[in-house]
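Engineer: The listed protein sequences correspond, in order, to chains A and B. The first sequence maps to residues 1 to 420 in this note's numbering. The second sequence maps to residues 1001 to 1095 in this note's numbering. A virtual CB, placed ideally from N, CA and C, is assigned to each residue, including glycine. Structure provided below as structure tokens; questions to follow.
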Amino acid sequence: MSKVRYSAFKVLKEALSGHKGWEPVWRDAEPKTEGYDVIIVGGGGHGLATAYYLAKNHGITNVAVLERGWIGSGNVGRNTTIIRSNYLLPGNEPFYELSMQLWENLEQDINYNAMVSQRGIMNLIHSDAQRDAFVRRANSMLFADAGAEYLNQDDIKDRYPFLDVKNARFPIKGALSQPRGGTVRHDAVAWGYARAASNLGVDIIQNCEVKGFNIDNGVCSGVKTTKGDIKAGRVAVCVAGSSGRVMAQAGIKLPIESHVLQAFVTEGLKPVMDNVITFGAGHFYCSQSDKGGLVFGGDIDAYNTYAQRGNLPVVEDVCSGGMAIMPMIGRARLLRSWGGIMDMSMDGSPFIDKTEINELYFNGGWCYGGFKATPASGYCYAHLLATGEYHEVASAFRLDRFRRGAMIDEKGVGPQPNLH
Amino acid sequence: MIINHPLLGPRDSEEFVYLGSTDLINRPDWESGTAAEDFHQYQYIRENVAGDNPELWYHEQGDQSWLVVTRNTLTHEIKSVELAADYARRMGRSK
């Protein structure tokens, strides 16, 4: 087990002694024959965070994380790295604020440099009605201690001269800003949580695909995998993007459709934007990576798919959104684009819940808001797995909320997953 | 993606609006004793097929017909396209 503690002193010491003291970041494990207290299916950000908080907060260390490919190969490495807690609804906002607070202390907590950068996020306002809506959202954020500021057109013009504030069709009238928002190095989140969980005794088992669940009389007692059957006291599915396919093996249908979301990065540029900017009249969000590339994204492709690639019409749509607010982006060349599969839920909000099968738990439906939620998702899922109780900030994320009429629909577009 | 419209020939998928799987054709009977549960299943629960999926596309920027496009959700390959009315009749509905 790696006990190396990362610090500036350690880097200096290793630099002077030939870098011989480093160890693998996490321990690669094989399944234990006697099984585990908890098996987490899915070695992405949320699964690894769940394992870490199970061990750290609840002392449950006999835990395995099963990953079909390699850890962090799914959406935790495919997003646009934005963190924020600027939600409106009471079912959501306290949860995302908990996540923001966990981000703020993450690196000290797990002793791993995740490059958490609270550079601020700015949601542009293009009409008077939108200003009213965003001021209302700002008030909701203030209630949750998330912090929010209103910026007027002059503030924005001075700070970001490249923005087309006088655009004839989408004039920028102001912005809702959350100074605590920002970006995080996404792969480092997976690696950091993996290391911290592994150090507490969690087994991380890669190249181990779950092919089925062992269920008798409505109780789940383990999983069938490509490395054989593994026994477990509890099985926690955490595979957003593949939720439909995995849960179908337990005979459970979900209020989720799978859609592809594309992301893009330009060639490296000199520093031009020091925050995250989002377009309010279309769907476009952008930040600049530390390497200089403008990282941006927009809408999903809007039809069901499990293919991790999108089509060209959305590329055009996203880039035209960028051109509408920051025409300078037209001078930059697109370097790469990629896609990830989203669990699009029927109201745009996620699930952290028990299922109709005892000892089988479900976490998914993150739409395209999963990355920022990673710490709180793991924290609250671990709480549910360890105590059987819903964490107070995640108590609304229930699978039966549609039956009860208790949707958490931030956008108010109804049960049409491709519109959330 | 190119959708081979049965009446208009090959059309860009951008001319269409996607609704979802053809399960949405079978709206439950509102007078049934189990209507509340049936509508919950119909409205909110999805098969979310990985593979060939018959789905409803609306030709909004064209002749405004509803089509059933059978498309592989793993590869985006389109296997067949027909008018939704033809599909529904084949499934035993009157329209």
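Output the distance between the C-alpha atoms of residue 367(A) and residue 342(A), rounded to the nearest integer angstrom.
Structural biologist: Between residue 367(A) and residue 342(A), the C-alpha separation is close to 5 Å.
Engineer: Could you name the residues of chain A that residue 1061(B) contacts, counting a contact when the two beta carbons are closer than 9 Å?
Structural biologist: Going along chain A, no residue has its Cβ under 9 Å from residue 1061(B), so there is no contact; the nearest lies around 12 Å.
Engineer: Listing by chain order, which chain B residues have their CB less than 7 Å from the CB of residue 415(A)?
Structural biologist: The contacting residues are 1043, 1044.
Engineer: Rounded to whole angstroms, what is the Cα-Cα separation between residue 105(A) and residue 193(A)?
Structural biologist: Roughly 13 Å separates the two Cα atoms.
Engineer: Assuming residue 319(A) is part of the alpha helix (DSSP H), what are its boundary residues?
Structural biologist: Element bounds for residue 319(A): 312-325.
Engineer: Excluding five sequence neighbours on each side, which residues of the same chain lie with their C-beta closer than 7 Å to the C-beta of residue 153(A)?
Structural biologist: Answer for residue 153(A): 165, 172, 173, 174, listed in chain order.
Engineer: Given a cut-off of 8 Å, decide if residue 43(A) and residue 75(A) are closer than it, judged by their beta-carbon atoms.
Structural biologist: No, they are not a contact pair.
Engineer: With a floor of 3 residues, list each beta strand (DSSP E) that falls wholly inside the stretch 55-85 of chain A, ordered by position along the chain.
Structural biologist: Within the stretch 55-85 of chain A, the complete beta strand (DSSP E) runs of at least 3 residues are 63-66.
Engineer: At a Cβ cut of 7 Å, what residues of the stretch 392-414 of chain A count as close to chain B, listed as they run along the chain?
Structural biologist: Those would be 402, 403, in chain order.
Engineer: Specify the secondary structure class of residue 407(A) as computed by DSSP and reduced to three states.
Structural biologist: In the structure shown, residue 407(A) sits in coil (DSSP, three-state: anything other than H, G, I, E or B).
Engineer: Chain A beta carbons: is any one of them nearer than 8 Å to that of residue 1007(B)?
Structural biologist: No - not a single Cβ of chain A is within 8 Å of the one on residue 1007(B).
Engineer: According to DSSP, is residue 369(A) helix, strand or coil?
Structural biologist: If DSSP states are grouped into helix, strand and coil, residue 369(A) belongs with coil.
Engineer: Between residue 277(A) and the rest of its own chain, which residues show a CB-CB distance below 6 Å, the 5 nearest in sequence each way excluded?
Structural biologist: So the list reads 122, 286, once near-sequence residues are dropped.
Engineer: CB residue 378(A) to CB residue 52(A), shorter than 8 Å?
Structural biologist: Taking 8 Å as the Cβ cut-off, residue 378(A) and residue 52(A) qualify as a contacting pair.
Engineer: Less than 8 Å between C-beta atoms, sequence neighbours within five positions excluded: which residues of the same chain meet that for residue 401(A)?
Structural biologist: The answer, listed in chain order, is 347, 407, 408.
Engineer: Put residue 149(A) into one of helix, strand or coil per three-state DSSP.
Structural biologist: In this structure, residue 149(A) counts as strand in the three-state DSSP scheme.
Engineer: Near residue 291(A), what residues of its chain come up, given a Cβ to Cβ distance below 6 Å and the 5 sequence neighbours on each side ignored?
Structural biologist: So the list reads 268, once near-sequence residues are dropped.
Engineer: Please determine if the stretch 143-152 of chain A and the stretch 178-195 of chain A are in contact, where contact requires at least 3 C-beta pairs separated by less than 8 Å.
Structural biologist: Touching, yes.
Engineer: Where does residue 261(A) sit, in a helix, a strand or coil, going by DSSP?
Structural biologist: If DSSP states are grouped into helix, strand and coil, residue 261(A) belongs with the strands.
Engineer: Pick out whichever of 247(A), 71(A), 196(A), 73(A) has its Cα sitting closest to the Cα of residue 215(A).
Structural biologist: Of the candidates 247(A), 71(A), 196(A), 73(A), the one whose C-alpha sits nearest the C-alpha of residue 215(A) is 247(A).
Engineer: Quick one: any contact between the stretch 1003-1021 of chain B and the stretch 1051-1063 of chain B, if contact means 3 or more CB pairs under 8 Å?
Structural biologist: Short answer: they touch.
Engineer: Look at residue 410(A) and residue 92(A) and say whether their C-beta atoms are less than 8 Å apart.
Structural biologist: Cβ atoms of residue 410(A) and residue 92(A): closer than 8 Å.
Engineer: Can a CB atom of chain A be found closer than 8 Å to the CB of residue 1074(B)?
Structural biologist: Closer than 8 Å: yes.
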